[in-house]
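Report on the structure given below.
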Amino acid sequence: MADKPTSGEILGVPYNFERPSIGRMLSSYWQPGEGMLVEKPFGVGYTLNLANWRSWVVVAVAGALLWHQETGTSEETGDTADEPVEVIVDDE
């Protein structure tokens, strides 16, 4: 039986199913001089390059949106959830 390739590219999307190691994981997420997206150390697709400042902007925006969602939902679910709703049906 022929060995199947464990890494490569299909339709422009990279994949890598080699056994992950700590060194390879660290070197994949920190690549100075590369763009914002780099190939994942394990799996399919791309991930953020934490050596690029744009990646930290993305992480900060995602964190702010998550924080805003969590604080906004706790204020909205106060008294309005238990109030009755009036429904008017017009038979014209």
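Under numbering that gives the first Met the number 0, think of the first position of the sequence shown as 0, with each following residue one higher.
Each residue gets a CB set at the ideal place from its N, CA and C atoms; glycine is no exception.
Just so you know, these numbers come straight off a predicted model, no measurement behind them.
Answer with buried or exposed for Glu-38, where buried requires no fewer than 16 other C-beta atoms within 10 angstroms of its C-beta.
-> buried
Under the three-state DSSP convention, the category Leu-65 falls into = helix
Using a Cβ-Cβ cut-off of 9 Å, state whether Trp-52 counts as contacting chain B.
-> You won't find chain B in this structure, because it holds only one protein chain.
Do you know offhand how far Leu-36's Cα is from Gly-62's?
-> 19 Å
Taking the C-alpha atoms as reference points, what is the distance between Lys-3 and Gln-68?
-> 44 Å
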